[in-house]
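Below is one structure, written out as structure tokens; the observations come after it.
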Amino acid sequence: MGDGHRRKLTEDLKREAVRLIATSGRTVGEVAADLGSGKSTLTRWRSQYQEAELLSGPHDDVQKELVRLRCENEVFSAPAPNRKWRADISYVRTADGWRNLAIVLDLHSRRIVGWATSDRITKELAITALKRAITVRQPPPGLIHYSDRGSQYCSDDCQKVLQENAMMVSMSGRGNCYDNAMVETVFKTLKSELVWRTISTSRRQAEIVIGRYIDGFYDPIRRHSSLGFKSPCLFEVAA
Numbered sequence: 214m215g216d217g218h219r220r221k222l223t224e225d226l227k228r229e230a231v232r233l234i235a236t237s238g239r240t241v242g243e244v245a246a247d248l249g250s251g252k253s254t255l256t257r258w259r260s261q262y263q264e265a266e267l268l269s270g271p272h273d274d275v276q277k278e279l280v281r282l283r284c285e286n287e288v289f290s291a292p293a294p295n296r297k298w299r300a301d302i303s304y305v306r307t308a309d310g311w312r313n314l315a316i317v318l319d320l321h322s323r324r325i326v327g328w329a330t331s332d333r334i335t336k337e338l339a340i341t342a343l344k345r346a347i348t349v350r351q352p353p354p355g356l357i358h359y360s361d362r363g364s365q366y367c368s369d370d371c372q373k374v375l376q377e378n379a380m381m382v383s384m385s386g387r388g389n390c391y392d393n394a395m396v397e398t399v400f401k402t403l404k405s406e407l408v409w410r411t412i413s414t415s416r417r418q419a420e421i422v423i424g425r426y427i428d429g430f431y432d433p434i435r436r437h438s439s440l441g442f443k444s445p446c447l448f449e450v451a452a
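Count along the sequence shown from 1, add 213, and you get the number used in my numbering.
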């Protein structure tokens, strides 16, 4: 591996760390642990970017990056519940394979307001999670629904549900994982805390286990440092 490639990897890692600190709502220490780096190293990287912003001109790449991060941080947060939702699909490991999990996340509180599981990634999976969220939350017109451009969310049936409920649609660009930093953090938490519960269960049984975890623990009890060490439910009550 040449020196140029090593420098690129280092610069990419710095950018990833800065993005995570700016957009995920996590502490420097938490991001450092995820990346396998020291807290002091990430603090230094962040300072370097901030210093570069002060010294650079308006067309500098680093400054553009920092401006973009600020915009992302504003977009992927909300001042109150039921203003902005983020939908995505991932998977959970079980004894006989993977079980796909679709969630709808309220960006104000990180509360999982809708979820569904299936053996296949289909539009029905995404729509079921969305309809559950709508039934439970009864959101007002104008809510912004964020998702990627996957076929499940672009399907006519899914778009029809969004339109019927007067939701505004926002879809991220292809391959832009940083548009989805918060929900990816939630999925990472779910997988790490669910794996010992689902690893010995069948895919069908996993749906029951996942539901108990989300509705009985994650939303009402599990505390988040980014929410002032409140659970999503408590954070919404205090808002």
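Glycine included, C-beta positions come from ideal geometry on N, C-alpha and C.
Please classify residue 242: does DSSP put it in a helix, a strand, or coil?
Note: residue 242 maps to helix in three-state DSSP.
| residue 416 and residue 332: beta carbons closer than 8 Å? | Residue 332 is positioned such that its CB atom lies closer than 8 Å to that of residue 416.
task: Spell out a yes or no on whether the segment 289 to 297 and the segment 401 to 409 are touching, meaning 3 or more CB-CB pairs, one atom from each, closer than 8 Å.
output: Taking a contact to require three or more Cβ pairs closer than 8 Å, the segment 289 to 297 and the segment 401 to 409 do not qualify as touching.
Next item on the list: For residue 196, count neighbouring C-beta atoms within 10 Å of its own C-beta (all shown protein chains included) and say buried if the count is 16 or more, exposed if not.
Entry: The requested residue 196 is not part of the displayed model; the chain covers only 214 to 452.
What are the complete alpha helix (DSSP H) segments, minimum 4 residues, inside the segment 296 to 373? 336 to 350 and 364 to 367, all fully within the segment 296 to 373.
For residue 395, report the span of its alpha helix (DSSP H) as first-last. Where residue 395 is concerned, the enclosing alpha helix (DSSP H) stretches over 394 to 411.
Measuring only the C-alpha atoms, how far is residue 380 from residue 370?
Using only the alpha carbons, I get a separation of about 14 Å.
Check your understanding: What separation, rounded to the nearest whole angstrom, lies between the Cα atoms of residue 413 and residue 307?
Key -> So the alpha carbons of these two residues sit roughly 6 Å apart.
Quickly, what does DSSP pair residue 443 with across the bridge? List them, please.
-> 437, per the DSSP bridge assignment.
**Request:** Taking all protein chains shown into account, decide if residue 312 is buried (16 or more other Cβ within 10 angstroms of its Cβ) or exposed.
**Result:** Buried, by the Cβ-count rule.
Legend entry - Assigned secondary structure, residue 253 (DSSP; H/G/I helix, E/B strand, else coil): In the three-state scheme derived from DSSP, where H, G and I count as helix and E and B as strand, residue 253 is classed as helix.
task = Compute the Euclidean distance between the alpha carbons of residue 411 and residue 261, then round it to the nearest angstrom.
result = Looking at the two C-alpha atoms, the distance is approximately 42 Å.
According to DSSP, is residue 260 part of a helix, a strand, or is it coil? Here residue 260 carries a helix assignment [DSSP, helix/strand/coil].
- prompt: What do you reckon, are the CB atoms on residue 329 and residue 365 nearer than 8 Å?
  reply: The Cβ atoms of residue 329 and residue 365 lie no closer than 8 Å to each other.
Discussion item. Please list the terminal residues of the continuous alpha helix (DSSP H) segment that includes residue 419.
Written reply: Run containing residue 419: 416 to 426, per the alpha helix (DSSP H) assignment.
Practice task
Kindly list the residues whose CB is nearer than 7 Å to the CB of residue 355, restricted to its own chain and excluding five residues on each side of it in sequence; keep chain order.
Solution key: Result list for residue 355: 379 and 381, in chain order.
In terms of residue numbering, what span does the beta strand (DSSP E) encompassing residue 383 cover? Unbroken beta strand (DSSP E) run through residue 383: 381 to 384.
Could you compute how far the alpha carbon of residue 358 sits from the alpha carbon of residue 398? Distance from the CA atom of residue 358 to the CA atom of residue 398, rounded to whole angstroms, is 18 Å.
Q: Using beta-carbon positions only, say whether residue 314 and residue 303 come within less than 8 Å of one another.
A: Yes, they are a contact pair.
Checklist entry - When you compare each of 376, 352, 383 and 256 to residue 362 by their alpha carbons, which one comes out closest? => result Considering only 376, 352, 383 and 256, the residue with the shortest C-alpha distance to residue 362 is 383.
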